[in-house]
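Structure first, commentary second.
Number of protein chains: 2
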Amino acid sequence: MKNLAPPEKRVDGPSQRGQFKKRASILEAAADVFCRQGFAGASIDEIAVEANVSRQTIYNHYCEKETLFVAVVDDVLKRANSMIFSMLATFPVNADNLEEDLVAFAIRINKNCICNQDGKFLRRLVQNEGERYPHLFETWRQQGPGRIISALGALFARLSASGALKIEDFDVAARQFLALGNADLQIMMLFGQTPSDEQLESAARNAVRTFLRAYGTATSPERPDLAAVSG
Amino acid sequence: MKNLAPPEKRVDGPSQRGQFKKRASILEAAADVFCRQGFAGASIDEIAVEANVSRQTIYNHYCEKETLFVAVVDDVLKRANSMIFSMLATFPVNADNLEEDLVAFAIRINKNCICNQDGKFLRRLVQNEGERYPHLFETWRQQGPGRIISALGALFARLSASGALKIEDFDVAARQFLALGNADLQIMMLFGQTPSDEQLESAARNAVRTFLRAYGTATSPERPDLAAVSG
DNA sequence: GACGTTTTAGACAACACTGTCTAATTTTAC
DNA sequence: GTAAAATTAGACAGTGTTGTCTAAAACGTC
């Protein structure tokens with residue numbers, strides 16, 4: 001890590017006029033290798049081979065290994081953030097068919113945000129390098145998860161206001177919804193495995209059933225005989 | 001990684017007659033450094049300094065870096081396993097004061113198994129090196145989480161049989177209990193932070209309240225007016 | 001086709017790390 | 001106190017990596 005980069009060498013490298021494909025290829029390969037090997041274990045040569053690019057080209061675009069790393073993290077963070085908010089936009093609006101809609105929503109979140117390559121990469125990277133390079137994730141840490149939970153909480157608030165759910169703390173409910181959605185997948189994901197569609201569906205069903213038992217109003221059909229027991 | 005270690009060099013090193021303190025000191029320092037830097041990023045010299053030991057001593061006890069790594073993983077896995085099962089032994093037996101007992105249980109699990117140093121180490125290690133050194137975690141992967149969930153599930157089954165809970169799938173309930181317990185702590189833990197006692201308690205309360213709403217029978221006091229709404 | 005830019009392969013120095021060796025020193029057992 | 005065992009500091013070769021440099025080749029644009 002050089003503290004003083006020579007000012008005549010631009011950090012941003014070529015690409016003013018094109019060669020976007022090279023950059024994209026490097027970013028993708030670097031994400032792969034950094035994810036597999038970690039920052040310390042990743043070698044520029046390995047990235048170059050995987051990107052079908054010469055090592056020098058990497059140094060032309062990103063003057064240091066750390067510059068490349070920062071660019072990869074930025075890229076993945078941006079993509080993951082836009083993905084999660086586009087998924088939040090598919091949250092069910094009305095409450096007819098709520099259970100099925102929530103199941104489908106949970107599947108989408110898990111499949112496209114948590115269990116995909118970007119999700120895996122982010123979990124690893126944050127966990128490994130978050131303490132070593134706090135500045136990389138600081139803004140995401142302060143805004144990312146908090147804003148996601150707030151947004152999801154607001155969606156649950158809407159359902160709660162319409163009487164479909166009965167929730168006191170919307171943010172807690174949002175966190176619990178996500179946590180329940182991962183409950184059956186966490187161990188797989190810890191080992192880097194990707195769940196099958198069947199596993200995704202089963203996990204989502206288990207999660208939503210429990211969530212609706214806790215927060216659903218009486219119209220939820222899936223709580224067979226609690227009223228009978230309580231009455 | 002040498003494939004053929006000279007047979008006259010014992011893998012287990014000295015310690016037949018004592019020097020346990022050195023070994024323990026090395027193991028502890030190595031766990032620390034491996035956890036912070038990963039396998040590739042950790043240097044033997046750094047471990048030696050942190051253990052207050054010369055580098056040669058490390059090589060005397062563990063002939064290769066990988067041997068040391070394996071020993072550290074074994075050590076942590078054994079300790080974590082024994083801790084989790086000793087915590088499971090404190091699961092509430094009877095159902096009077098169930099909510100408070102479950103809260104205390106969740107706090108104990110989180111504090112002593114999930115949020116402590118060993119838990120952090122294991123999460124990192126499994127996630128990072130689990131694919132590269134599958135043999136290290138294979139037996140734990142097959143037996144560890146599965147047996148933990150089964151054991152916790154059996155405890156919930158006991159409460160269910162006594163009528164205090166109403167659960168269909170005990171293993172699912174066990175996973176959900178643990179997932180709910182982590183719901184409020186996951187982001188902190190991802191960044192390597194350790195929750196305060198207040199945060200631990202609040203997280204456990206939120207988790208148990210929701211869990212009991214989903215699985216509790218009518219005797220649970222904390223579901224204020226579902227019956228009224230449903231009636 | 002010509003020109004400026006980008007890419008490439010390869011060589012290169014500087015550095016860090018692993019694992020070995022040795023000889024001196026300290027610790028431990030008896 | 002003595003002898004065996006363990007530890008230490010330091011030097012060392014071998015290796016891999018980063019980042020630089022150069023000259024040739026490929027590319028894109030006009």
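Protein sequence lines, in the order shown, are assigned to chains R and P.
Residue numbers for the first sequence follow the UniProt record's numbering, so the first one is 1 and each next one is one higher.
Residue numbers for the second sequence follow the UniProt record's numbering, so the first one is 1 and each next one is one higher.
Even for Gly, the Cβ is constructed at its ideal location relative to N, Cα and C.
Could you round the C-beta distance between residue i and residue j to whole angstroms and report it? I think they count as a contact, below 8 Å.
i, j, result
"Phe156(R)", "Ile167(R)", "6 Å"
"Ala51(P)", "Ala31(P)", "No, Ala51(P) and Ala31(P) are not in contact; Cβ-Cβ is about 10 Å, not under 8 Å."
"Ala179(R)", "Ala42(P)", "Their Cβ separation, rounded to whole angstroms, is 32 Å, which puts Ala179(R) and Ala42(P) out of contact at 8 Å."
"Val53(P)", "Lys22(P)", "6 Å"
"Val103(P)", "Val208(P)", "5 Å"
"Leu130(R)", "Phe191(P)", "Looking at the sequence provided, one finds Gly at residue 130(R) rather than Leu. Yes, they are in contact, since the Cβ atoms of Gly130(R) and Phe191(P) sit about 5 Å apart, within 8 Å."
"Ala38(P)", "Asn128(P)", "A small fix is needed here, since residue 38(P) is Gly in this sequence, not Ala. Indeed, because the Cβ distance is near 6 Å, the residues count as touching under 8 Å."
"Ile107(R)", "Ala214(R)", "Not a contact, Cβ separation roughly 20 Å."
"Phe165(R)", "Gly216(R)", "Reading off the sequence, residue 165(R) comes out as Leu, not Phe. Yes, Leu165(R) and Gly216(R) are in contact; Cβ-Cβ is about 6 Å, under 8 Å."
"Leu27(P)", "Val72(P)", "6 Å"
"Arg55(R)", "Asp45(R)", "6 Å"
"Leu88(P)", "Ala151(P)", "5 Å"
"residue 236(P)", "Ile149(P)", "Outside the modelled stretch of chain P, which goes from 1 to 231, sits residue 236(P), for which no answer is possible."
"Ile187(P)", "Pro134(R)", "At roughly 15 Å, the Cβ-Cβ gap does not stay under 8 Å, so Ile187(P) and Pro134(R) are not in contact."
"Ala40(P)", "Ala154(R)", "Incorrect: roughly 42 Å between the Cβ atoms, too far for contact."
From which residue to which residue does the alpha helix (DSSP H) around residue i run?
i, result
"Cys35(R)", "20-41"
"residue 232(P)", "Nothing about residue 232(P) can be read from this structure; chain P reaches only from 1 to 231."
"Glu50(P)", "44-51"
Cβ-heavy atom distance between residue i and the ligand GTP below 7 Å?
i, result
"Met188(R)", "The ligand GTP is absent from the structure shown, which contains no ligand whatsoever."
TODO: Starting from the N-terminal side, write out each stretch of the alpha helix (DSSP H) that is 4 residues or longer and does not extend beyond the stretch 66-119 of chain P.
DONE: The stretch 66-119 of chain P contains these whole alpha helix (DSSP H) runs: 98-109.
Task: Inter-stretch contact (C-beta, 8 Å, three-pair minimum) for the stretch 75-83 of chain P and the stretch 76-91 of chain R - done: Touching, no.
Open item on the list: Under 8 Å, with one C-beta from each stretch per pair, do the stretch 188-205 of chain P and the stretch 100-118 of chain P reach the 3-pair mark?
Closed with: yes
Open item on the list: Using a Cβ distance threshold of 8 Å, determine whether the stretch 94-101 of chain P contacts the stretch 145-162 of chain P, with at least three qualifying pairs required.
Closed with: yes
Task: Completely contained alpha helix (DSSP H) runs for the stretch 144-201 of chain P, where each covers 4 or more residues - done: Counting only runs of at least 4 residues, the stretch 144-201 of chain P fully encloses the following alpha helix (DSSP H) elements, listed from N- to C-terminal order: 170-183, 186-190.
TODO: Could you name the residues of the stretch 190-212 of chain R whose beta carbon sits closer than 8 Å to any beta carbon of chain P, in the order they occur along the chain?
DONE: Against chain P - using a Cβ distance shorter than 8 Å - the residues of the stretch 190-212 of chain R are Leu190, Phe191, Gly192, Asn206, Ala207, Thr210, Phe211.
TODO: Check each residue of the stretch 97-128 of chain P: if its Cβ is closer than 8 Å to any Cβ of chain R, include it; give the result in chain order.
DONE: Answer in chain order: Arg123, Arg124, Val126, Gln127, Asn128.
Open item on the list: Which residues of the UniProt domain "HTH tetR-type" (20-80) of chain R have a Cβ closer than 9 Å to any Cβ of chain P? Give them in chain order.
Closed with: Arg36, Gln37, Gly38, Phe39, Ala40, Gly41, Ala42
TODO: Pull out every residue of the stretch 138-158 of chain P whose Cβ sits closer than 8 Å to any Cβ of chain R, in chain order.
DONE: Cβ contacts with chain R: Arg141, Pro145.
Open item on the list: Tell me which residues of the stretch 167-182 of chain P have at least one Cβ-Cβ distance to chain R shorter than 7 Å, keeping chain order.
Closed with: Val172, Arg175, Gln176, Ala179, Leu180, Asn182
Open item on the list: So if I threshold CB-CB distances at 7 Å, which residues from the stretch 84-97 of chain R count as touching chain P?
Closed with: none
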